[in-house]
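K.L.:
Quick one: the structure is below, and I'll ask about it shortly.
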Amino acid sequence: MARTRRAAEIEDAREIALLASPTRIEIVDTLESLGDAVSVAELAAALGRPADGLYYHLRQLAAGGLIEEEASPEGRRYRTRSRAGDRLRLRYRPGRSANAREVGRVAASVLRVAGRDFDRAIADPATVVEGAQRELWAARGKGWVGAVELAEINRLLARLIDLLQQPRSTKRDRLVALTWLLAPLEPRPARRGRTTDS
């Protein structure tokens, strides 16, 4: 089993606020998927966006310390501040705090990006939607779990992160995005029925 990658944690509300923009989320995700420092032209090609529209966001992310800008003979290159396979990760501080407010804004932006990803994929007739090579899903599950099941869910999500953080290679040539939201719910009082122990 692959080693779980460490994370470069982002806790400060001002840094987190930088990721409330869907464009910046896509920039950071793409830089992490590319691994090495890349030029704006390379980043624009990977995003499928014009380079001119990225400079402002790159400046903001660099000023906030989430990405680093490197000089090279070919021009400026960018990478995330994480190193050696680490990934950027938000640190949550639930409650009434600036951190919680900004993490909530980022979560909303992540879900907007996921909606755009889905819209692009469903519009492409070549998208695989069945079988072992299926690459498009949208679903919601809701159910009761105990400590054992919750630990298993978190283990599986960590494994998915590991799979998605592998560098591109000749065998790994399909770029995909996976978005999820795991949240505890307050159950509504039941009118009828009973619970079962199993």
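For the sequence shown, counting from 1, position 197 maps to 198 in this note's numbering; every step adds exactly one. Yeah, the Cβ is synthetic: ideal placement off N, Cα and C, and Gly gets one too.
(1) Just verifying my parser: in three-state terms, what is the DSSP assignment at residue 183?
(2) Taking Cβ to Cβ, would you say residue 68 is nearer than 8 angstroms to residue 57?
(3) Which whole runs of the alpha helix (DSSP H) in the region 139-168 are 4 residues long or more, in chain order?
(4) In terms of residue numbering, what span does the alpha helix (DSSP H) encompassing residue 112 cover?
(5) In chain order, what residues of the same chain have a beta carbon less than 8 angstroms from the beta carbon of residue 173, not counting five sequence neighbours either side?
(6) With distances taken Cα to Cα, identify the nearest neighbour of residue 139 among 112, 17 and 163.
(7) Residue 29 by DSSP, collapsed to three states: which one?
(8) So what does DSSP say about residue 170, is it helix, strand or coil?
(9) Can you grab the Cα-Cα spacing for the pair residue 188 / residue 149, in whole Å?
(10) Could you spell out where the beta strand (DSSP E) holding residue 72 opens and where it closes?
(11) Consult DSSP for residue 15 and reduce its assignment to one of helix, strand or coil.
(12) Rounded to the nearest angstrom, what separates residue 38 and residue 73 at their Cα positions?
(13) By Cβ distance, which residues of its chain are closer than 8 angstroms to residue 42, with the 5 residues on each side in sequence left out?
P.N.:
In terms of the structure at hand:
(1) coil
(2) no
(3) 148-165
(4) 99-123
(5) Cβ within range, chain order: 167.
(6) 112
(7) helix
(8) coil
(9) 20 angstroms
(10) 68-73
(11) helix
(12) 10 angstroms
(13) 52
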